[in-house]
Ligand SMILES: NC(=O)c1ccc[n+]([C@@H]2O[C@H](COP(=O)([O-])OP(=O)(O)OC[C@H]3O[C@@H](n4cnc5c(N)ncnc54)[C@H](OP(=O)(O)O)[C@@H]3O)[C@@H](O)[C@H]2O)c1
């Protein structure tokens, strides 16, 4: 019988963290750390907790994810997204644990209208992206077998996300304006969680290391995504009436943080090396709405 793998999950109360907890494989013993259990911005607490728990793996699902607020709180975002992953890596190194750091499409500028490969030069255009990129770098500087998984446009039944916001606004308003000129791939946190568990439990060789990209399959604008949310929700009876959705340009919806215009991530490495292939984002959307 295979021995169970002990995995410390930070940010266990977030969208991804909660999906990780609910879908942990039977062979995994999860040490769930929400923000209340472990503040990753506290260096001493990180070292003590990781050394106390002595996990085989750490999945860092904790992050400062308020992209717009980060523009006015750059120091806090830096501590949580850049410094803390380095501390988790340092602690992992001390106990011989492997580490998965979850990162973002926002490490790219998105000026290039194509799928970004893992080796493409990052060039973030906002505070959040810069802090997350530094987090990647610090992990890889400390752990030669550190794992970075970049993802994008994450949603789930938990927390705050585009799907839940759209459902609320579609019920409240008579029409909605949605940005049409930013492209990305909506990604259900459940599928992302299952992918991370595969990286932990896959005993295939060589072990996962370095940078991987994972999103659901396909391409959408926020507008396409909103249209799909409305269609699927009407079909499932989650909404009772159809409202007009009006496509608008990014320039018509100014936000404190600039967003990449093209957030697409190229996923061939995770397919080639780990055999993982995502489903189309619309399949994930249906799954999440059924779960809602
Ligand atoms: N959401 C997206 O669209 C998206 C896109 C690309 C990449 N990602 C990445 O995916 C990962 C998971 O994101 P998510 O969508 O699950 O975000 P989320 O729902 O905001 O979850 C992040 C969690 O981290 C916790 N946290 C914040 N500061 C912390 C601290 N100092 N110590 C411990 N925990 C702390 C938050 O707690 P509080 O709620 O109490 O603050 C929250 O529970 C992150 O690395 C994120 O950068 C997300």
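In my numbering, the protein residues as written are 38 to 329.
The C-beta atom is built at its ideal place from N, Cα and C for all residues, glycine as well.
Got a sec, what are the start and stop residues for the alpha helix (DSSP H) residue i sits in?
| i | result |
| --- | --- |
| residue 311 | 305-311 |
| residue 83 | 80-90 |
What is the DSSP secondary structure of residue i, counted as helix, strand or coil?
| i | result |
| --- | --- |
| residue 111 | helix |
| residue 210 | coil |
| residue 324 | helix |
| residue 252 | coil |
| residue 38 | Confidence at residue 38 is low in this model, with a pLDDT of 43, below 50, so its placement is unreliable and no value can be given for it. |
| residue 69 | strand |
| residue 289 | helix |
| residue 197 | coil |
| residue 315 | coil |
| residue 260 | helix |
| residue 43 | strand |
| residue 150 | coil |
| residue 224 | strand |
Give a single yes or no on whether residue i has its beta carbon closer than 7 Å to a heavy atom of ligand 1.
| i | result |
| --- | --- |
| residue 194 | no |
| residue 51 | yes |
| residue 101 | yes |
| residue 265 | no |
| residue 190 | yes |
| residue 142 | yes |
| residue 248 | no |
| residue 125 | no |
| residue 169 | yes |
| residue 313 | no |
With the cut-off set at 8 Å, would you say residue i and residue j are in Cβ contact?
| i | j | result |
| --- | --- | --- |
| residue 233 | residue 96 | yes |
| residue 259 | residue 215 | yes |
| residue 88 | residue 193 | no |
| residue 83 | residue 121 | yes |
| residue 313 | residue 235 | yes |
| residue 190 | residue 223 | yes |
| residue 108 | residue 289 | no |
| residue 70 | residue 55 | no |
| residue 218 | residue 286 | yes |
| residue 182 | residue 106 | no |
| residue 68 | residue 92 | yes |
| residue 103 | residue 47 | no |
What is the residue span of the beta strand (DSSP E) that residue i lies within?
| i | result |
| --- | --- |
| residue 137 | 135-141 |
| residue 184 | 184-188 |
| residue 96 | 94-97 |
### Query
Do the stretch 134-148 and the stretch 294-308 touch if we need at least three Cβ pairs shorter than 8 Å?
They touch, by the three-pair rule.
### Query
Counting Cβ pairs, one atom from each stretch, are 3 or more of them under 8 Å apart for the stretch 272-279 and the stretch 202-209?
Flag = yes, the stretch 272-279 and the stretch 202-209 touch.
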